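Student: Numbering (full-length UniProt numbering), first residue to last: 1 to 675. All C-beta atoms, glycine included, are put in the ideal place defined by N, C-alpha and C. These numbers come from a predicted model, not from an experiment. One structure, pasted below without further comment.
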Amino acid sequence: MNFFSRHLPPVLMGAAVVMVQPQLAVALSPTQISDIAKEFTVLITGEGIGSGVIFERKGDTYFVITNQHVVAKDGGYEIQTPDGSRYPVYRSQELPGLDIAILQFTSKKNYRLASLGNSDQIRQGMTVYVVGWGSVNDLSDKTNKSSYLTFAGIIESLSKNPQQGYGLAYNNQAIPGMSGSPVLDENGRVVGINAARLDQNLTVQGTRLLEGWRLGIPINMVLRTLNRPVSSPVTAQQPGAKPNLTTAGQADIRKTFARLRRTEALISSGGAKKNRKDYQGAIADYNQALLINPNNPDAYYGRGLAYYYLKKYQAALEDVNKLLQLSPKNAFAYVVRGCIRTLLGDKQAALTDFNQALQLDPKHVNAYNNRGVIRQELGDKQAALADFNQAIQLDPKLALAYTNRGDIRYDLGDKQAALADYNQAIQLDPKDANAYITRGKFRYESGDKQAALADYNQAIQLDPKLALAYTNRGVLRAESGDKQAALTDFNQAIQLDPKLAPAYTNRGKFRYESGDKQAALADFNQAIQLDPKLALAYNNRGVLRYQSGDKQAALADFNQAIQLDPKLAPPYNNIGLLKYEQGDIEGAIRQFQTAINNDSKLVEPQLALAVALYSKGEQQRGLTMAEAALRLDKRFADLKFLKEQFWGDKLIADAKKLLENPKIKEIISRPSRSQ
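Structure, rendered in C-alpha cells:
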C-alpha cells in the first residue's frame with residue numbers, strides 16, 4: 001500500500017557638480033526614461049522607507065533629494081544605489097517650508113547624477129513619469145521587496161507659492177516606497193519630487209484639486225532654496241520666502257497639507273517596519289495614518305501586506321478590497337488580492353484578479369508570473385509557460401520566473417531546460433533560499449539525492465528559519481536511514497512554522513514507519529485540520545485506517561484524496577488493493593491502471609496489475625508487466641515485503657502463483673546491476 005512519501009512543494013530594495021540640461025531635446029520613450037532614471041534613483045531604508053534622487057557630487061560625497069517625511073523619525077538610514085551597494089546616511093538637511101530633505105553619503109564609485117529640468121516650464125496636460133522603489137508583493141515569494149517601478153501620467157494642476165512646496169498635481173499611480181521619487185518630463189529630466197497623495201478635494205488659488213491626485217514639489221523650488229542655479233531665470237518665489245496666506249481658506253489648506261505630511265510620514269515609517277518584519281509595529285503606524293485619513297489607499301495597501309505576511313489573510317483581503325474601492329484602477333492592488341485569494345483557495349477569483357491587473361497594465365511582470373502559477377495549478381501548463389516566458393521577456397532578471405518556468409518544463413518532460421532555469425534563477429539571486437529548495441526538489445525527484453541534500457543545506461544556511469527546507473531535508477534523511485536527524489528536522493520545521501501542514505504529514509509517515517501509529521495518526525489529523533485540501537494527508541491517514549481494520553474510513557480517505565488531487569497516484573493503488581480483496585477484480589484493474597498512468601515510476605501498482613492480469617488468464621501480458629516492475633524494484637518479489645505493504649490474502653495468493661513462473665524466477669535470480 002502506498003504512502004505518498006514526500007511533500008516537496010514548489011515554493012504568490014571636490015567641486016560641486018549639478019546637471020542642468022538645456023531645454024531643447026527629443027522626447028524619449030517610456031522605457032528609455034525608466035532606464036535613465038534607474039541610474040540615479042536610490043532606495044532609502046531605515047526608520048522610514050522611500051526613494052531619492054542623486055543630484056550633486058563633491059569629491060566622494062553624493063547628495064540625494066528626498067522627502068523630509070521619509071526621514072522624519074530619528075534613527076539610522078541607508079541608501080541603496082542602483083548597483084545594489086548600500087551606504088549609511090551620515091548627514092541630512094531639511095529645507096525650510098518644503099517637504100524636502102537633502103541626504104549625504106560617501107563613495108568612491110561613480111554614480112550618474114540626475115539631469116534637472118526647468119519646472120517653471122511645466123504646463124497642465126504635459127506627460128510626466130514617476131519612477132522609484134515601491135513595496136511590492138509576489139505570490140510565490142512571500143518576502144518584503146522593493147522593486148523599481150515606472151508610472152506615466154499627466155500634469156493636472158500647477159500651484160504658485162504652494163504649502164509644503166506641493167506645487168505639482170498629477171494623476172500618476174504610485175505606491176508606498178515611492179515618496180521622494182523623481183518626477184520626470186518626456187526628456188528624462190527631473191522636474192519634481194513625488195511627495196504625497198491628496199486625500200480630499202480642495203480648491204487652491206481658484207484651482208480645483210481632486211482626491212487621489214499625487215502631489216509633487218517642483219525641482220526649481222528645491223534648487224532656489226538651496227541657492228543652486230536653475231536652467232533659466234523666471235519670476236517666482238525666492239528662497240526662504242513664505243507662501244502668500246492672504247487668500248480666503250489658506251489656513252485650512254495649510255492644515256490639510258500638514259496633515260498630508262504627517263500621514264505620509266506614518267506610511268513611510270510603517271513601510272520601514274514592514275521591511276524589518278515588525279508587522280505589528282507596521283500595522284500600528286498604518287492604523288495611526290488611517291485615524292488621520294480613513295480613506296488613504298496607501299495605508300490600506302501597506303496594512304494589507306502586513307496582515308498578509310502575518311498570514312491573517314482575511315484581514316488582508318478586507319484591506320485590499322477597501323483599497324480597490326478607493327483606487328479601482330490600481331493594478332498592484334489586483335495582484336495583491338490575487339495572491340491573497342490564491343492562499344484562501346479561491347483560484348478562479350485569483351485568476352480574474354491577475355487578468356484585471358494585466359488589462360490595466362499589460363506590462364505588469366508580477367501579474368504574468370502569478371497568473372502563470374495559477375494556470376499551472378489549474379492544469380493549463382502551456383498557458384502557464386507562456387506567462388512565465390512573457391514575465392522573463394519583460395524582466396530577464398526576474399529570478400522567480402525562471403524558477404517557475406523550470407517547474408513547468410520539468411512537468412512537461414524537458415528536464416535539462418528545467419535544470420537550466422533553476423540554475424539561472426540561482427545565478428541571478430544566489431541568496432534566495434527558496435530557489436535552492438526548488439532545485440533541491442528537482443534533484444531529489446531526478447534521483448540525485450546528494451545534490452538535493454546540498455541544496456537544502458544551502459537553503460538552511462541562507463535562512464535558518466525556513467521551515468520548508470527542514471521538512472524536505474528530513475525526507476531525505478529518513479530515506480537514507482538517519483532517522484534521528486530526520487525527526488529533528490521535522491520537529492524543527494514544526495517549531496518554526498506550526499501551521500506547515502506538509503511537515504506534519506512527513507513526520508506522521510516517519511512515526512508510522514517507526515511504529516508509533518497513534519502519534520502518526522495525530523500528525524495526519526493535524527495536517528488535515530491545517531490544510532483540508534492536502535490530498536496526501538488523506539491518503540496517508542487512509543493507509544493507517546486500513547491497517548487498523550477500518551476499511552470504510554480508509555476508502556473514504558482515499559476517495560477524498562483523489563477528489564482533491566486526481567493526479568495523485570497512491571490512492572488509486574490503495575483503492576485497487578481494497579477492491580481486489582472484495583472480489584472486484586475489474587474495478588481493481590482500473591484503479592491500478594490509473595495509478596500507473598499518473599505515475600509510471602510507481603512499482604507497486606505495476607506488479608499488482610500484473611498479478612491481476614495473470615490470475616484472470618492474460619498470462620503473457622501479466623508476465624511482461626511483472627518483468628518490467630521487478631527490474632525496477634526486486635523487493636516486490638518478496639511475499640513478506642508485499643504483506644508489509646498490506647496486500648490482502650487473495651492478492652498475495654495470486655502473486656505467489658505469478659512469482660513461481662519460471663520466467664519470473666529467472667529475473668529474480670539475476671544479480672542486480674549494483675552487485
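1. By the 10 Å Cβ neighbour count, where 16 or more other Cβ atoms means buried, how is Lys579 classified, buried or exposed?
2. Excluding the 5 residues preceding and the 5 following Lys431 in the sequence, name in chain order all residues of the same chain whose CB lies nearer than 8 Å to its CB.
3. First and last residue of the alpha helix (DSSP H) that includes Lys657?
4. For Leu602, which residues of its own chain have a beta-carbon under 8 Å away from its beta-carbon, when the five flanking residues on both sides are left out?
5. Does the distance from the C-beta atom of Asp421 to that of Gly406 stay below 8 Å?
6. Under a three-way DSSP split, which group does Gly50 fall into?
7. So, with DSSP's three-state summary, where would you put Leu344?
8. Comparing alpha-carbon positions, which option in Gln359, Asp395, Leu343 lies nearest Ile374?
9. Please classify Lys273 as buried or exposed, where buried requires at least 16 neighbouring CB atoms within 10 angstroms.
10. Of all the alpha helix (DSSP H) runs that stay within the bounds of the stretch 427 to 483, which reach a length of 4 or more residues?
11. Among Thr150, Gly177, Glu186, which one has its Cα closest to the Cα of Gln121?
12. Val26: buried (16+ other C-beta within 10 angstroms of its C-beta) or exposed?
13. In terms of residues, what are the limits of the alpha helix (DSSP H) holding Gln325?
14. Please state whether the Cβ-Cβ distance between Thr41 and Val131 is less than 8 Å.
15. Pick from Ala357, Asn506, Leu412, Ala535: whose alpha carbon is nearest that of Ala383?
16. Measure the CB-CB distance between Ala452 and Leu476 and report whether it falls below 8 Å.
17. Does the pairing of the stretch 552 to 560 with the stretch 607 to 622 give three or more beta-carbon distances under 8 Å?
18. Helix, strand or coil, according to DSSP, for Arg228 in the structure here?
19. Within the stretch 89 to 122, note down every full beta strand (DSSP E) run reaching 3 residues or more, in order along the chain.
20. Smallest Cα separation from Ile437: which of Gln458, Gln424, Ala417?
21. Run through DSSP, which three-state label would Pro662 get?
22. Which same chain residues end up closer than 6 Å to Gly167 when comparing Cβ atoms and leaving out the 5 residues on each side of it in sequence?
23. Do the stretch 95 to 103 and the stretch 62 to 78 make contact, defined as three or more Cβ pairs closer than 8 Å?
24. Can the beta-carbon of Phe442 be found closer than 8 Å to that of Leu419?
25. For the putative contact between Tyr300 and Leu323, defined by C-beta atoms under 8 Å, what is the C-beta separation to the nearest angstrom?
26. Which residue comes first and which comes last in the beta strand (DSSP E) that contains Arg197?
27. Could I get the ranges of all uninterrupted alpha helix (DSSP H) runs contained in the stretch 584 to 613, with 4 residues as the minimum, in chain order?
28. Distance, Cα to Cα, Lys277 vs Gly59?
29. So, helix, strand or coil for Ser669, using DSSP?
30. Can you tell which of Leu500, Ala519, Phe55 has the C-alpha that lies nearest to the C-alpha of Ile65?
31. Is it buried or exposed for Ser232, if we count other Cβ within 10 angstroms and need 16 for buried?
32. Are the beta-carbon atoms belonging to Tyr512 and Leu564 less than 8 Å from one another?
33. Which of the three DSSP states, helix, strand or coil, is assigned to Ala628?
34. List the endpoints of the continuous beta strand (DSSP E) containing Ala169.
35. Can you round the beta-carbon distance between Ala152 and Pro30 to whole angstroms, since I take them to be within the 8 Å contact cut?
36. Give me the DSSP bridge partner(s) of residue 694.
Tutor: In short:
1. Stepping through the sequence shown from its first residue, residue 579 is reached at position 579. Looking at its Cβ environment, which holds 16 or more other Cβ atoms inside 10 Å, Lys579 is buried.
2. On the sequence shown, residue 431 is found 431 positions in, with the first residue counted as 1. Here the set comprises Leu462.
3. If you number the sequence shown from 1, residue 657 lands on position 657. Counting along the chain, the alpha helix (DSSP H) containing Lys657 begins and ends at 649 to 659.
4. Within the sequence shown, numbered from 1, the residue matching residue 602 stands at position 602. So the list reads Asn2, Ala569, Pro570, Asn573, Ala595, Ile596, once near-sequence residues are dropped.
5. As a position in the sequence shown, residue 421 is number 421, starting the count at 1. As a position in the sequence shown, residue 406 is number 406, starting the count at 1. Yes, Cβ-Cβ distance for Asp421 and Gly406 is below 8 Å.
6. Reading the sequence shown from its first residue, position 50 is the one you call residue 50. Note: Gly50 maps to strand in three-state DSSP.
7. To locate residue 344, count along the sequence shown from 1; it is residue 344. Here Leu344 sits in coil by DSSP.
8. For the purposes of this step, residue 374 is identified with residue 374 of the sequence shown, where counting begins at 1. Considering only alpha carbons, the answer is Leu343.
9. Position 273 of the sequence shown, counted from the first residue, corresponds to residue 273. The residue is buried, with at least 16 neighbouring Cβ atoms inside 10 Å.
10. 433 to 445, 449 to 462, 467 to 479
11. Along the sequence shown, one-based indexing puts residue 121 at 121. Of the listed residues, the one whose Cα sits closest to Gln121 is Glu186.
12. Start at 1 with the first residue of the sequence shown, and residue 26 comes out as number 26. Low per-residue confidence applies at Val26: pLDDT is 45, beneath 50, and the placement is therefore not dependable, though the value from the model is reported in the following sentence. Its Cβ having fewer than 16 others within 10 Å, Val26 is exposed.
13. By one-based count along the sequence shown, residue 325 stands at place 325. Residues 313 to 326.
14. Reading the sequence shown from its first residue, position 41 is the one you call residue 41. Reading the sequence shown from its first residue, position 131 is the one you call residue 131. Their beta carbons are under 8 Å apart, which means Thr41 touches Val131 by this criterion.
15. In the sequence shown, counting from the first residue as 1, residue 383 sits at position 383. If we check each option's Cα against that of Ala383, Leu412 comes out closest.
16. The residue you call residue 452 lines up with position 452 of the sequence shown. The residue you call residue 476 lines up with position 476 of the sequence shown. Against a cut-off of 8 Å, the Cβ pair of Leu476 and Ala452 comes out as a contact.
17. no
18. For this step, residue 228 is matched to residue 228 along the sequence shown. Of the three classes helix, strand and coil, the one that applies to Arg228 here is coil, per DSSP.
19. 91 to 94, 101 to 106
20. Taking the first residue of the sequence shown as position 1, residue 437 is located at position 437. The residue with the shortest Cα to Cα distance from Ile437 is Gln458.
21. Position 662 of the sequence shown, counted from the first residue, corresponds to residue 662. Note: Pro662 maps to helix in three-state DSSP.
22. Here residue 167 refers to the residue found at position 167 when the sequence shown is read from its first residue. Once the five neighbours on either side are set aside, the close Cβ partners of Gly167 are Ser159, Pro218.
23. yes
24. For the purposes of this step, residue 442 is identified with residue 442 of the sequence shown, where counting begins at 1. For the purposes of this step, residue 419 is identified with residue 419 of the sequence shown, where counting begins at 1. The answer is yes: Cβ separation under 8 Å.
25. Against the sequence shown, residue 300 aligns to sequence position 300. Against the sequence shown, residue 323 aligns to sequence position 323. Their Cβ separation, rounded to whole angstroms, is 4 Å, which keeps Tyr300 and Leu323 in contact under 8 Å.
26. Residue mapping note: residue 197 aligns to position 197 of the sequence shown, counting from 1. Segment 190 to 197, the beta strand (DSSP E) holding Arg197.
27. 585 to 598
28. As a first step, residue 277 is located in the sequence shown; it is residue number 277 there, counting from the start. As a first step, residue 59 is located in the sequence shown; it is residue number 59 there, counting from the start. Lys277 and Gly59: Cα-Cα distance of roughly 37 Å.
29. Along the sequence shown, one-based indexing puts residue 669 at 669. Helix at Ser669.
30. What you label residue 65 is simply residue 65 of the sequence shown in a count that begins at 1. The shortest C-alpha separation from Ile65 is found at Phe55.
31. Residue mapping note: residue 232 aligns to position 232 of the sequence shown, counting from 1. With a pLDDT of only 46 at Ser232, under the threshold of 50, the placement of this residue in the model should not be trusted, and no figure is reported.
32. On the sequence shown, position 512 is the one that residue 512 refers to. On the sequence shown, position 564 is the one that residue 564 refers to. Taking 8 Å as the Cβ cut-off, Tyr512 and Leu564 do not qualify as a contacting pair.
33. Against the sequence shown, residue 628 aligns to sequence position 628. Helix at Ala628.
34. Counting from one through the sequence shown, the residue named residue 169 turns up at place 169. That run of the beta strand (DSSP E) goes 168 to 170.
35. Along the sequence shown, read from residue 1 onward, the residue named residue 152 stands at position 152. Along the sequence shown, read from residue 1 onward, the residue named residue 30 stands at position 30. The Cβ separation is near 6 Å, so the contact holds.
36. Given a span of 1 to 675 for the chain in the structure shown, any question on residue 694 remains unanswerable.
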